[in-house]
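In what follows, a structure is listed as structure tokens, so that the remarks can point back to it.
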Amino acid sequence: MTGPGTDLPRRQAAGLLAGASNASIGGEDTIVAVSTAPGKGAIGIVRMSGPDALPIASRCVRPTRHETLSPDSHRLTYGRIVDPGSEEMLDEVLVAVMRAPQTYTREDVVEVHCHGGAAAQRAVLRLLVRLGARLAEPGEFTKRAFLNGRIDLTQAESVAAVVAARSSGALRASLRSLEGGLSQHLRAARHDLIGHLASIEATVDFSDEDVDDLDWTGLADGLAHVEERLRRLLRTSFLGRALEQGVRTAIVGRPNVGKSSLLNALLMRERAIVSDIPGTTRDTVEELMEIGGIPIHLVDTAGVRSGGDHVERLGVQRSLRAMEQADLILAVFDLSTPWSEQDARLIRRLDPARSIIVGSKADLVDAGEHECLFTGIERLSQTIWPTCAVSALTGDGIDQLRNAIVQLIAGNEGIRPEEPVLATERQRSLVQEALDATAAALEGAASNRDEELICEDIRSAVLALGRMTGEDLTPDLLEEIFSRFCLGK
Ligand SMILES: Nc1nc2c(ncn2[C@@H]2O[C@H](COP(=O)(O)OP(=O)(O)OP(=O)(O)O)[C@@H](O)[C@H]2O)c(=O)[nH]1
Ligand SMILES: [Mg+2]
237 MTGPGTDLPR
247 RQAAGLLAGA
257 SNASIGGEDT
267 IVAVSTAPGK
277 GAIGIVRMSG
287 PDALPIASRC
297 VRPTRHETLS
307 PDSHRLTYGR
317 IVDPGSEEML
327 DEVLVAVMRA
337 PQTYTREDVV
347 EVHCHGGAAA
357 QRAVLRLLVR
367 LGARLAEPGE
377 FTKRAFLNGR
387 IDLTQAESVA
397 AVVAARSSGA
407 LRASLRSLEG
417 GLSQHLRAAR
427 HDLIGHLASI
437 EATVDFSDED
447 VDDLDWTGLA
457 DGLAHVEERL
467 RRLLRTSFLG
477 RALEQGVRTA
487 IVGRPNVGKS
497 SLLNALLMRE
507 RAIVSDIPGT
517 TRDTVEELME
527 IGGIPIHLVD
537 TAGVRSGGDH
547 VERLGVQRSL
557 RAMEQADLIL
567 AVFDLSTPWS
577 EQDARLIRRL
587 DPARSIIVGS
597 KADLVDAGEH
607 ECLFTGIERL
617 SQTIWPTCAV
627 SALTGDGIDQ
637 LRNAIVQLIA
647 GNEGIRPEEP
657 VLATERQRSL
667 VQEALDATAA
677 ALEGAASNRD
687 EELICEDIRS
697 AVLALGRMTG
707 EDLTPDLLEE
717 IFSRFCLGK
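Just so we're aligned, residue 237 is where the sequence shown starts under this note's numbering, counting upward by one.
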């Protein structure tokens, strides 16, 4: 996973980061933290990593069957954990000993599985600190895994993403990056760019010697290939953001068109109140659900119309705000009632890139009338929209609507298990940076610009990609990334 070429900057970074005292490589100190989530649970795990993990555990763990804690790797030992000063028992525990290098951090790791609940865990934690371990900072275990070369930076970020995953799609995407899918793409692009850099530099440096002239067409083709690869990767970022944060989806339309009924149909339960009185929903109703593996934050809104009482007007203001803030809008039009000026106003407010036109109450009209509405809307707006006719009553069209939602977010192919996605804002902006620099280099190559300038552009692209995987990094960047982790990870 990591070649010898990638080890050096890491070690330099480790040196910079560590100051004098807590160097992780060569591991001078041993860190400890509660690694399970806070709150009540059957068991809680206190994890220790570092050269003293085993000696510290040996001092306080009293195995039931043996005299001392077995140093054998990847074994569980049952026993008690005691304060070695007083021999007072703190808890009954299972202790997992995992010896370097086949561990999460590549250091010796000892996990103490004690009873759940804050008191037992805190008592064990305090004892281990008293015996010489240091409280870990958020993300420090994963940081050590990175510094010791077990994972690269994009993989480390996916550890945080796996922990935070809120949907099955988000989990699959993060696991894929954790396996190195994203890193492979980035390394390949970076490798190609370095190759081009080397060939340009060779012709510049040895121009008076017997080196062939630069193959400008070959260079342009090569850069175009990298550019396309980065562009494809960047296209996944909308999906990446959707998976990470959930897609805010607002259901809007004039009163009584069936917005709340649609929310209920998508959720498959009676969440919002439905009635034939226009103005039933007066405030926004929000629910989290999953469609095609993507976390969707559904927001049902008050029907938009002018007039109404004070409360309804407040509700309308909220729906307009929900519409502005939404990543995706389901604009609902009643197929069974005539088109109105309010409908036309709604169409004018919609952004075609993130809206789906939903014709509701399809059971009340013939299929021909669906098309009539949709072509009417297209003509009015001079735009082709994704459309869908649904009946919340019979459930017809709801699956098609689900597909249309997934398609708008993830593109035609949906979530493809083998393709990596860009998951964090950091990754997105670095790929954008690399893409811009590659495009600039390509333009230079196409117009025979000065070689030095082209090299400059390629170098910035290489640097941006290196910062993504951690091959080119700064201590500040590392601190920033790992500080966003939770404690004990
Ligand atoms: N036949 C039929 N009736 C529907 C359908 N969907 C909604 N309705 C009816 O339309 C009326 C309004 O439905 P709601 O879901 O409350 O509409 P709404 O858009 O949320 O209305 P407001 O909250 O007042 O803006 C109710 O009487 C529903 O039973 C449908 O698919 N078919
Ligand atoms: Mg409603």
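Just so it is clear, CB atoms sit at the ideal spot from N, CA and C, and this is done for glycine as well.
Give the DSSP-derived three-state secondary structure of residue i in the structure shown.
| i | result |
| --- | --- |
| F610 | helix |
| A249 | The predicted model places A249 with a pLDDT of 44, which falls under 50 and marks its position as unreliable, so this point remains unresolved. |
| I387 | coil |
| L470 | helix |
| M347 | For clarity, residue 347 is Glu in the given sequence; the question names Met instead. Three-state result, E347: strand. |
| I620 | coil |
| L371 | strand |
| V667 | helix |
| S576 | coil |
| V657 | coil |
| S285 | strand |
| S403 | coil |
| A628 | coil |
| G262 | For G262, the pLDDT reaches just 44, beneath the cut-off of 50, and the residue's location in the model is therefore unreliable, leaving the point undetermined. |
| V270 | strand |
| N639 | helix |
| E707 | coil |
| V462 | helix |
| D686 | coil |
| V398 | helix |
| C722 | coil |
| G416 | coil |
| V601 | coil |
For residue i, which residues from the same chain have a beta carbon less than 7 Å from its beta carbon, with the 5 sequence-adjacent residues on both sides left out?
| i | result |
| --- | --- |
| I620 | E614 |
| L407 | V398 and A401 |
Which one or two residues does DSSP pair with residue i in a beta bridge?
| i | result |
| --- | --- |
| D570 | S596 |
| L564 | T485 |
| A280 | Position check: residue 280 holds Gly in this sequence, whereas Ala was assumed. Bridge partners of G280: C350. |
| S591 | I565 |
In its own chain, which residues sit with a C-beta less than 6 Å from the C-beta of residue i, not counting the 5 before and 5 after it?
| i | result |
| --- | --- |
| A392 | T378 and F382 |
| I532 | V483, T485 and M525 |
| A259 | Legend: pLDDT at A259 = 35, less than 50; position of this residue unreliable, value from coordinates given subsequently. Result list for A259: empty, nothing under 6 Å. |
| E376 | I267 |
| N370 | Correcting the residue identity first, residue 370 is Arg in this sequence and not Asn. Same-chain partners within the cutoff: D265 and I267. |
| A332 | L312 and E347 |
Excluding five sequence neighbours on each side, which residues of the same chain lie with their C-beta closer than 8 Å to the C-beta of residue i?
| i | result |
| --- | --- |
| L450 | S435, I436, T439 and E687 |
| T300 | Y314, G315 and R316 |
| G431 | G458 |
| C624 | I592, I593, V594, G595, G633, Q636, L637 and A640 |
Mind checking if residue i is an interface residue toward chain C, Cβ cutoff 8 Å exclusive?
| i | result |
| --- | --- |
| T623 | Chain labels in this structure do not include chain C; a single protein chain is all it has. |
Looking at residue i and ligand 4, is the gap between the Cβ and the nearest heavy atom below 7 Å?
| i | result |
| --- | --- |
| K276 | Ligands in the displayed structure: ligand 1 and ligand 2; ligand 4 is not one of them. |
Taking contact to mean at least 3 C-beta pairs separated by less than 8 Å, is the stretch 308-328 in contact with the stretch 283-292?
Touching, no, given that fewer than three Cβ pairs across the two stretches are closer than 8 Å.
Only counting runs of 4 or more residues, tell me where the alpha helix (DSSP H) segments fall wholly within the stretch 486-558, in order along the chain.
Correct list: 495-503.
Entirely enclosed alpha helix (DSSP H) segments - the stretch 289-344, minimum 4 residues
Runs found: 289-296.
Three CB pairs or more closer than 8 Å across the stretch 630-638 and the stretch 663-672
With contact defined as three or more Cβ pairs closer than 8 Å, the stretch 630-638 and the stretch 663-672 are not in contact.
Quick one: any contact between the stretch 356-369 and the stretch 303-310, if contact means 3 or more CB pairs under 8 Å?
No, they do not touch.
Count the C-beta pairs between the stretch 452-469 and the stretch 667-676 that are closer than 8 Å, then say yes if the count reaches three, no if not.
Flag = yes, the stretch 452-469 and the stretch 667-676 touch.
Is there contact between the stretch 468-477 and the stretch 545-561, where contact requires at least three CB pairs shorter than 8 Å?
The way I'd put it, the stretch 468-477 doesn't touch the stretch 545-561; fewer than three beta-carbon pairs between them come closer than 8 Å.
Specify whether the stretch 508-518 and the stretch 472-480 touch according to this definition: at least 3 beta carbon pairs, one from each stretch, less than 8 Å apart.
The answer is no - the stretch 472-480 does not touch the stretch 508-518, with fewer than three Cβ pairs under 8 Å.
If we count Cβ pairs, one from each stretch, closer than 8 Å, do we get three or more for the stretch 484-501 versus the stretch 566-574?
At 8 Å Cβ cutoff, the stretches touch.
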